[in-house]
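Residue numbers (this note's numbering), protein chains in the order written: chain Y, 144 to 433; chain E, 7 to 269; chain W, 13 to 347. Remarks on the structure that follows.
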């Protein structure tokens, strides 16, 4: 029982970052109809920025986190303007191929710059964990969860309360009408991609110090983000949030009670199973396939 | 066969979410006739088309063609029974040549088995040669012979609409459902399309037509059914429909009918 | 005329091992040939039915593993006291098993993803490949996991007392690859110029219209997936018995990406496309290596090329070259 409780706590904390990854991806898909294969690269970019700031130029840990997120936002905006703006209106396969190309280029640039050796990042947190009765959790992970929760709440607020968020939702629902209403679609796309990228970079910057940083770390992150988004339905933000936690629980329990080797496989089995039963995901409103 | 009942629609009801698009309508199409469905936008004409051809599942009701149930069949299986439709929005295989568009339409009437194809049997080659001739005949019939090698996407609008009909005809329908075939055509094109419709009819093909162009509807139909808000409000010959107060009201709003004398 | 040209071209390809003495170059050609087969198979799905399979490497890997395991034999405990074992079988039989098993897994994928298209199809296929990779990595009893399957036997064909062929050396493997590639090419050619191929193209171009003329799109999507998976499996089989070592890295996503780049750059939906793209991206790595370019930079170049091709040559090299040629010929005739 205690063990189960510990697994549940681990899953809760992991789920926050999965949700963070999923929300970014689902926003980009919902608003831009782009399947963003660079998402995992933004994740590893966030982690490497963190490594660079903290370990190479000795910036304060918390300042470094903010810098990494800002750098992610900037890189996202650049990618959107350079690669996607010209392709607006083309079919989903075309943009997907461009994003695959960008992903390969970014990942190998990373490998070239930082070499393939895994790197770890020092944290200012005490190394002894916080013990709460039968369960324990490291201070670092607790911090990760708190920031992830704050960022998720912040994204919600941005989308539901601000004028930019309103324009985003309008574009999400009906692109043509939004265009007629005078929404600057170009700007909305750039903002969406930048926001989604910022969230992915944040997830990387948060988890980089928990695990280690290596060039292909983004691949699994990408695939997990896809799992989360499929779970919740492509384009659904609440779906992605819940999906993040579901995936984390599945993985944690799968690793504990089936086989640790299949921890990362749980997500994909889940994807296949869900697409069999409900091709539009668990929480999506009616959406046309394709 | 002429005069017998071809298609029976019985108690058809269609719902989208909470909205009832078609509410308990029943009608029959006789062999060899041209029957038109008219009505203002949103009356449920295209929805009825989609239900008959298996693109949406009715909430209630039954559809039978020549005695066999169509409800519940896959759209491709309905086409195999000779019930073939066109679409309201121009719908072609844009990247293919006109010839290939029609050849795709011939799908049901080719007997190549996959194994024979893979084995490269000569029967396949013979059938392909015959297919080319048949496609030529259909293109001649609709008047697109000179365009056979043109990529479909580059055809002018009027010819695109002809190509749609050619694709449907290639499937050898016995009941052809045309969804607004002349919308967007100029009067000259419409007139020549009416001639084509006459020729289709002369081949013994029953036609169910949805159309807004009243000149075309009145000139080409044997009978007309008028829908409004998902219900049948009138049916009968063109003359009967033309003066029907419910029809006029549905199209023009009630204030025009108030002052007009009762029929 | 056209037939003579084809024969000449084939003769040239078949003659290469007779005059090319550089064995490393021959090795590169064999690997390129194997990848071209895989790219052709991907093109059947991506180019003709319009469905992007981003898990294509799974079929390649399944073919490779299945064939290796059948030829090596194995012993696994399915349940703690239920032992399943297989004695080593002749290589030609193992190869057949590999192709069939890959085709079967294609059938499964085609069936389960019959209602998903576009982005969803992509994600199902990616997930499938990842699951298969994890199985190869973790089911150590069957696959040896990261230790890899070693000493995979090469193909031997024998009519007792008459002739014995052993595909041990590079020229023999080159010819074997060439024969399989030509077979696959002919098969795809027949398929796309038939009722089945037209149905696939119809699915790509306008699914609703295709259905309206009676095409059972699910049937043809499944057919395309099965044929495509079996051919990718054949490529994997050739790979396994040529390289003679198979590890879970054959499932790496980067190989799927390589196939996709080959198809897209050459021209999807054309028969020559994957061959042209396959030659370019099969030989390019070695040219870049010869130019002393690091592998990471080579991949960066791949990625950038992919972006550039999609932006500036969206239909691929073959259609673009064809258009250029057609535009050129008339002006060349007029003095």
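By construction, the Cβ of each residue, glycine as well, lies at the ideal position given by its N, Cα and C atoms.
Task: Residue-level contact to chain Y via CB, residue 269 of chain W, 8 Å cutoff - done: Yes, its Cβ sits closer than 8 Å to a Cβ of chain Y.
Open item on the list: So, with DSSP's three-state summary, where would you put residue 49 of chain E?
Closed with: coil
TODO: Identify each residue in the segment 349–361 of chain Y for which the Cβ-Cβ distance to at least one residue of chain W is less than 9 Å, and report them in chain order.
DONE: 358
TODO: Starting from the beta carbon of residue 312 of chain W, find every residue of chain Y whose beta carbon is closer than 8 Å, and list them in chain order.
DONE: Within 8 Å Cβ-Cβ: 247, 248, 251, 252, 255.
Open item on the list: Counting C-beta neighbours from all protein chains within 10 Å, is the total for residue 121 of chain W 16 or more, i.e. buried, or is it exposed?
Closed with: Per the 10 Å Cβ criterion, buried.
Task: Whole-angstrom distance between residue 306 of chain Y and residue 333 of chain Y, CA atom to CA atom - done: Between residue 333 of chain Y and residue 306 of chain Y, the C-alpha separation is close to 15 Å.
- [ ] Please go through the same chain and pick out, in chain order, the residues whose beta-carbon is closer than 7 Å to the beta-carbon of residue 200 of chain E, but skip the five residues on each side of it.
- [x] 222, 225, 226
Task: Contact check, residue 85 of chain E vs residue 224 of chain W, beta carbons under 8 Å - done: yes
- [ ] Tell me, please, whether the CB atom of residue 217 of chain W is closer than 8 Å to any CB atom in chain A?
- [x] In summary, chain A is missing from the structure at hand, where the protein chains are Y, E and W.
TODO: Label residue 338 of chain W either buried or exposed according to how many other C-beta atoms from any shown protein chain fall within 10 Å of its C-beta, with 16 as the threshold for buried.
DONE: By the neighbour-count rule (16 or more Cβ atoms within 10 Å), residue 338 of chain W is not buried but exposed.
Open item on the list: So with CB distances below 7 Å, who are the chain E contacts of residue 276 of chain W?
Closed with: What residue 276 of chain W touches in chain E: nothing, since even the nearest Cβ is about 16 Å away.
TODO: Work out the CA separation of residue 36 of chain W and residue 167 of chain W for me, nearest whole Å.
DONE: 21 Å
TODO: Can you say whether residue 234 of chain E is buried or exposed, counting buried as having 16 or more other CB atoms within 10 angstroms of its CB?
DONE: buried
Task: Per-residue contacts from residue 329 of chain Y into chain W (C-beta, under 7 Å) - done: Near residue 329 of chain Y there are no residues of chain W at all, since even the closest Cβ is about 17 Å away, more than 7 Å.
- [ ] Could you please give the first and the last residue of the uninterrupted alpha helix (DSSP H) stretch that includes residue 10 of chain E?
- [x] Element bounds for residue 10 of chain E: n/a, residue is neither H nor E.
Open item on the list: On the criterion of 16 or more Cβ atoms from any shown chain inside 10 Å, does residue 269 of chain E qualify as buried, or is it exposed?
Closed with: Note that residue 269 of chain E has pLDDT 44, beneath the 50 cutoff, so the model's placement of it is unreliable and no number is given.
Task: Beta-carbon proximity check, residue 69 of chain W vs residue 251 of chain Y, cutoff 8 Å - done: no
Task: For residue 158 of chain E, three-class secondary structure by DSSP - done: helix
TODO: Would you mind telling me which residues of chain W sit closer than 7 Å to residue 59 of chain E, beta carbon to beta carbon, in chain order?
DONE: 224
Task: Paired residues, beta bridge with residue 234 of chain E - DSSP - done: E:237
Task: Proximity to residue 146 of chain W [Cα-Cα], best of Y:300, Y:409, Y:371, Y:302 - done: Y:409
Task: Residues of the segment 193–205 of chain W whose Cβ lies closer than 8 Å to any Cβ of chain E, in chain order - done: 198, 199, 202, 203, 205
Open item on the list: Which residues does DSSP list as the beta-bridge partners of residue 165 of chain E?
Closed with: Answer is none; residue 165 of chain E lacks a bridge partner.
Open item on the list: Measuring straight from C-alpha to C-alpha, what distance separates residue 432 of chain Y and residue 378 of chain Y?
Closed with: With a pLDDT of 28 at residue 432 of chain Y, under the threshold of 50, the modelled position of this residue cannot be trusted; read the value that follows with caution. Taking the straight line joining both Cα atoms gives about 12 Å.
TODO: Measuring only between beta-carbons, confirm whether residue 91 of chain E sits less than 8 Å from chain W.
DONE: yes
Open item on the list: Below 7 Å on C-beta distance, what does residue 86 of chain E contact in chain W?
Closed with: Those are 226, listed as they occur along chain W.
Task: DSSP three-state assignment for residue 346 of chain Y, whether helix, strand or coil - done: helix
Open item on the list: Taking 8 Å as the threshold (C-beta atoms), are residue 245 of chain Y and residue 218 of chain Y in contact?
Closed with: no
- [ ] Enumerate in chain order the residues of its own chain whose CB-to-CB distance from residue 387 of chain Y is below 6 Å, with the five nearest sequence positions on each side excluded.
- [x] Closer than 6 Å at Cβ, skipping near neighbours: 158, 161, 162, 165, 371.
- [ ] Starting from the Cα of residue 270 of chain Y, find the closest Cα among Y:282, Y:180, Y:260 and give me that residue.
- [x] The candidate whose alpha carbon is nearest that of residue 270 of chain Y is Y:282.
TODO: Output, in chain order, the set of chain Y residues within a Cβ distance shorter than 9 Å of residue 105 of chain W.
DONE: Near residue 105 of chain W there are no residues of chain Y at all, since even the closest Cβ is about 31 Å away, more than 9 Å.
- [ ] Could you tell me the boundaries of the beta strand (DSSP E) in which residue 67 of chain E lies?
- [x] 66–71
TODO: Please confirm if residue 68 of chain W has its CB atom under 8 Å from at least one CB of chain Y.
DONE: False, the Cβ-Cβ gap to chain Y never drops below 8 Å.
Task: Beta-carbon contacts of residue 335 of chain Y that lie in its chain and below 7 Å, excluding the five residues immediately before and after - done: 170, 171, 174, 175, 311
Open item on the list: Would residue 263 of chain W and residue 73 of chain W be called neighbours here (beta carbons separated by less than 8 Å)?
Closed with: yes
Open item on the list: Suppose you measure from the CA of residue 254 of chain W to the CA of residue 65 of chain E; what does that come to, to the nearest Å?
Closed with: 59 Å
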